[in-house]
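K.L.:
In order, the protein sequences belong to chains A and B. Residue numbering for the first sequence follows our numbering, starting at 80 and increasing by one per position. Residue numbering for the second sequence follows our numbering, starting at 50 and increasing by one per position. Glycine included, each C-beta is placed from N, C-alpha and C at the ideal position. Have a look at this one before I ask anything.
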Amino acid sequence: MSATASRKDGAKGMWGLMAEFDSPAAIMHAAEKVCAAGYRKWDCHTPFPVHGLDKAMGVKTTILPVLVFFGGLIGCTLGLILQWFANASAFDMWFIVAVRGYDFLISGKPLISGPAWIPVIFEVTVLFAALSVVLWMLLLNRLPSLYHPTFKSHRFTRVTDDRFFVVIEAGDPKFEPGRTQEFLEGLNPLSVEVLED
Amino acid sequence: MTGGQANNERLNLGEGWRKLFLPAAAVGLLALVVSVIIPLFRGGDAHAWAQFFRSYLTAFIYVLTLSLGGLFFIVIQHLTRAGWSVVLRRLAEAVAANLTWLWLLFLPVLLIVLFGRGWLLYDWMDAAHRDPIIEGKTPFLNVGFWTIRAVFYFLVWGFAGWYFFSRSRAQDGSGDVNLTHRMQRWAPLTAILYGITQTFAAIDWIMSLEAHWFSTMFGVYFFAASCCGFFALLCVLMSALQRAGKLTGEITLEHYQDAGKQLFAFGIVFWAYIAFSQYMLIWYANIPEETGWYLARQLGAWKAVSVILLVGHFALPFLLLVTKHTKRRRAVITVIASWMLLMHFVDVYWLVMPQVPAEAMSAATTYPELTQMVQAGAEVGFAPSLTDLTCLVGMVGVWLAVTARRMGTCSLIPAQDPRLHESLAFENM
Numbered sequence: 080m081s082a083t084a085s086r087k088d089g090a091k092g093m094w095g096l097m098a099e100f101d102s103p104a105a106i107m108h109a110a111e112k113v114c115a116a117g118y119r120k121w122d123c124h125t126p127f128p129v130h131g132l133d134k135a136m137g138v139k140t141t142i143l144p145v146l147v148f149f150g151g152l153i154g155c156t157l158g159l160i161l162q163w164f165a166n167a168s169a170f171d172m173w174f175i176v177a178v179r180g181y182d183f184l185i186s187g188k189p190l191i192s193g194p195a196w197i198p199v200i201f202e203v204t205v206l207f208a209a210l211s212v213v214l215w216m217l218l219l220n221r222l223p224s225l226y227h228p229t230f231k232s233h234r235f236t237r238v239t240d241d242r243f244f245v246v247i248e249a250g251d252p253k254f255e256p257g258r259t260q261e262f263l264e265g266l267n268p269l270s271v272e273v274l275e276d
Numbered sequence: 050m051t052g053g054q055a056n057n058e059r060l061n062l063g064e065g066w067r068k069l070f071l072p073a074a075a076v077g078l079l080a081l082v083v084s085v086i087i088p089l090f091r092g093g094d095a096h097a098w099a100q101f102f103r104s105y106l107t108a109f110i111y112v113l114t115l116s117l118g119g120l121f122f123i124v125i126q127h128l129t130r131a132g133w134s135v136v137l138r139r140l141a142e143a144v145a146a147n148l149t150w151l152w153l154l155f156l157p158v159l160l161i162v163l164f165g166r167g168w169l170l171y172d173w174m175d176a177a178h179r180d181p182i183i184e185g186k187t188p189f190l191n192v193g194f195w196t197i198r199a200v201f202y203f204l205v206w207g208f209a210g211w212y213f214f215s216r217s218r219a220q221d222g223s224g225d226v227n228l229t230h231r232m233q234r235w236a237p238l239t240a241i242l243y244g245i246t247q248t249f250a251a252i253d254w255i256m257s258l259e260a261h262w263f264s265t266m267f268g269v270y271f272f273a274a275s276c277c278g279f280f281a282l283l284c285v286l287m288s289a290l291q292r293a294g295k296l297t298g299e300i301t302l303e304h305y306q307d308a309g310k311q312l313f314a315f316g317i318v319f320w321a322y323i324a325f326s327q328y329m330l331i332w333y334a335n336i337p338e339e340t341g342w343y344l345a346r347q348l349g350a351w352k353a354v355s356v357i358l359l360v361g362h363f364a365l366p367f368l369l370l371v372t373k374h375t376k377r378r379r380a381v382i383t384v385i386a387s388w389m390l391l392m393h394f395v396d397v398y399w400l401v402m403p404q405v406p407a408e409a410m411s412a413a414t415t416y417p418e419l420t421q422m423v424q425a426g427a428e429v430g431f432a433p434s435l436t437d438l439t440c441l442v443g444m445v446g447v448w449l450a451v452t453a454r455r456m457g458t459c460s461l462i463p464a465q466d467p468r469l470h471e472s473l474a475f476e477n478m
């Protein structure tokens, strides 16, 4: 009981724990161990992309391509509807509003004409796919984020230079201030720092 | 590379090339001989030979595009100083080196042209078919200039194919980095010459089959088709070599994914983009001198072939290859790539064979009338013939045999390339 109480007290204001490393190899090993220990809400911060780190961290494949595919599909449908609406639509909305497309006949082509519509459908598909890449990427990464607890750390400024950091969030179900700190110290970091919210 | 015994076996075909060489060469030569005999049995008249030369040209264009695609791949790798592709480059080099002797297979076409029988293939070479439109094109479309151009193409391709293969192989022995620099220096000029020669070759050999017709997009279409053929072949080749226990440690799923991307980007999406761009402009303008070419391809059974291309060369493989999961499964990408090799042949066949039936065209006053005449039996170009098959088997057989022979003479990867380590450690993400 007391353990739970102290955990709650200790966790108050604590956002997470941050361990500092000085080489890609060191953070790779650390990442493997953090992953093996079963933590979920944690991340690595490095000055440059470290190849293989994703695998060491056990990061799951992103769902982004599937979302982009459906983004493109929606664009494709909208492109089709847009042209039908603009060129060939003819119906009465709410029984009184007459909706009519600009039914210009151009070089004798039918109003609903596949080849002529494909360029627009293609462009709208690409537009929607591209926009959904960017927007879903931001959304899935929870960006833009103007503030992050790591910014308070003086040590963390070297993340753009020559230091590598593992940060485990207090919100992780396996997080326990004392034990997690011990665990991180067991990874032979240069330092372990408490991050406050 | 530490040269252990196991390593050497994995990086060299060794005597294994014989296993492919003998059957491929035997079947290939036999099929070519049979192809020549067939028109003799069919009476040996102009129609039988015209049919034979169409089949012959189709098969020739097929193996030519495979080799040209290989040359394009090599040149682009040197231009961009790419690291990922080094373990695959030797395969492309061995394929492109076929350009040094493909003129031999072109010789029959060249000979009938030089001996005044070029009209078996090309109507514009026949004085009886001359009209004001073709007269106007004679500064370009005349036998002399046509021959000079053909010689020029083969000189450029032969030199490029020989150069990149032999320099790369020389590096295997010496490990000289300067060879890489030299190949990189030659790459831009080769790329420019490649673009020019393959465009005009496409115009000379395929587009001029229907000399009234013209499309400025045609060279690009030919290029996209070459890429489709080569990248599909590359995937199949990688997989076949690995199945034989070669390059098992060097080629990884990462390379399959990237080869698959190239096939997807160049051979499927870019091909469709170009094919559609060419079609739409002609369809929209609706000028008879341009639409005739497509008319031939939507009459009779050719309409079905066009639809097969649309679905089988674009829609279906697009959906299959859009995800990385299919590109990263060796069995799956091999099946898709084999399918694309077949589709590429259908594409070449579709380019060479159809022709608007001239009598029906002049007799008919409306499109429905024309289709009725086609249904009644007017032939649209050339009907499928046994020579289509024998020529294809013959050329591909000979081509495979020579390629296997060449692969047997050298390492299967550029073992001393300065960027080899990049390629071995390559990861997509």
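So, with DSSP's three-state summary, where would you put E471 of chain B?
P.N.:
helix
K.L.:
According to DSSP, simplified to helix, strand and coil, what is I255 of chain B?
P.N.:
Residue state, collapsed to three classes: coil.
K.L.:
Checking 8 Å against the spacing of the C-beta atoms, do F109 of chain B and L154 of chain B come in under that value?
P.N.:
yes
K.L.:
Residues in the same chain with beta-carbon distance under 6 Å from W206 of chain B, minus the five sequence neighbours each way, listed in chain order, please.
P.N.:
L148
K.L.:
Which same chain residues, not among the five before or five after D88 of chain A, have their C-beta less than 8 Å away from its C-beta?
P.N.:
Caution is warranted here: a pLDDT of 48 is assigned to D88 of chain A, below 50, making its placement in the model unreliable, and no coordinate value can be reported.
K.L.:
Roughly how many angstroms lie between the CA atoms of A97 of chain B and S288 of chain B, to the nearest whole one?
P.N.:
40 Å
K.L.:
Quick one, which residues of the stretch 368-400 of chain B are near chain A if we go by CB-CB under 8 Å, in chain order?
P.N.:
V371, T372, K373
K.L.:
Taking the alpha-carbon positions, what's the K373 of chain B to Q306 of chain B distance?
P.N.:
7 Å
K.L.:
CB-CB under 6 Å to Y105 of chain B, same chain, minus the five flanking residues each way: which ones, in chain order?
P.N.:
Only residues of its own chain outside the window of five on either side were considered, and among them C440 have a CB closer than 6 Å to the CB of Y105 of chain B, listed in chain order.
K.L.:
Compute the distance between the beta-carbons of Y343 of chain B and Y333 of chain B, then report whether it is under 8 Å.
P.N.:
no
K.L.:
Got a sec? Which residues, its chain only, sit under 8 Å from E202 of chain A by beta carbon, not counting five neighbours each side?
P.N.:
G158
K.L.:
With three or more beta-carbon pairs closer than 8 Å as the criterion, would you say the stretch 248-261 of chain A touches the stretch 123-137 of chain A?
P.N.:
no
K.L.:
Chain B partners of A195 of chain A, CB-CB under 9 Å?
P.N.:
M329, W332, Y333
K.L.:
Which residues of the stretch 128-150 of chain A have a Cβ closer than 8 Å to any Cβ of chain B? Give them in chain order.
P.N.:
Listed by position along the chain: H130, G131, D133, P144, F148.
K.L.:
Excluding the five sequence neighbours on either side, which residues of its own chain have a C-beta within less than 6 Å of the C-beta of N166 of chain A, listed in chain order?
P.N.:
G180, L190
K.L.:
Would you report the Cα separation of G151 of chain A and L143 of chain A, rounded to the nearest angstrom?
P.N.:
12 Å
K.L.:
Below 8 Å on the Cβ atoms is my contact criterion, and I expect G278 of chain B with H393 of chain B to pass it. Report the Cβ-Cβ distance as a whole number of Å.
P.N.:
4 Å
K.L.:
According to DSSP, is W211 of chain B helix, strand or coil?
P.N.:
helix
K.L.:
Based on the DSSP secondary-structure assignment, which residues constitute the bridge partners of L274 of chain A?
P.N.:
A:G95
K.L.:
Would you say F313 of chain B faces chain A, with C-beta separation under 8 Å as the test?
P.N.:
no
K.L.:
Do you know how far the Cα of A353 of chain B is from the Cα of G118 of chain B?
P.N.:
Looking at the two C-alpha atoms, the distance is approximately 27 Å.
K.L.:
F325 of chain B versus chain A: which residues are under 9 Å apart at the beta carbon?
P.N.:
P194, I197, P198, F201
K.L.:
Does DSSP classify A334 of chain B as helix, strand or coil?
P.N.:
Of the three classes helix, strand and coil, the one that applies to A334 of chain B here is helix, per DSSP.
K.L.:
In chain order, what residues of the same chain lie with their CB nearer than 6 Å to the CB of L296 of chain B, ignoring the 5 residues before and after it?
P.N.:
L290, L461
K.L.:
Between F271 of chain B and L312 of chain B, is the Cβ-Cβ spacing less than 8 Å?
P.N.:
no
K.L.:
Assuming L69 of chain B and L283 of chain B are in contact, meaning their beta carbons sit under 8 Å apart, how far apart are those beta carbons, in whole angstroms?
P.N.:
Incorrect: roughly 17 Å between the Cβ atoms, too far for contact.
K.L.:
Taking its Cβ as the centre, do 16 or more other Cβ atoms sit within 10 Å of K376 of chain B, making it buried, or is it exposed?
P.N.:
buried
K.L.:
So with Cβ pairs under 8 Å, would you call S232 of chain A a contact of chain B?
P.N.:
With respect to chain B, the C-beta atom of S232 of chain A has no partner C-beta closer than 8 Å.
K.L.:
Who are D122 of chain A's beta bridge partners in DSSP?
P.N.:
Its beta-bridge partners are A:V246.
K.L.:
Taking only the alpha-carbon atoms, compute the straight-line gap between L274 of chain A and W388 of chain B and give it to the nearest angstrom.
P.N.:
56 Å
K.L.:
Nearest to L391 of chain B by CA position, among B:Y416, B:A380, B:V442, is which residue?
P.N.:
B:V442
K.L.:
Output, in sequence order along the chain, the residues in the stretch 173-193 of chain A whose CB is closer than 8 Å to any CB in chain B.
P.N.:
S186, G187, K188
K.L.:
Which residues in the same chain have their Cβ closer than 7 Å to the Cβ of D172 of chain B, if we skip the five residues on either side of it in sequence?
P.N.:
H178, A260
K.L.:
Report the rounded CA-to-CA distance for A177 of chain A versus F183 of chain A, giving the unit in angstroms.
P.N.:
Cα to Cα, the separation comes out at about 17 Å.
K.L.:
When every heavy atom of the ligand FMN is checked, does at least one fall within less than 7 Å of the C-beta of R292 of chain B?
P.N.:
The ligand FMN is not among the ligands present in this structure, which contains no ligands whatsoever.
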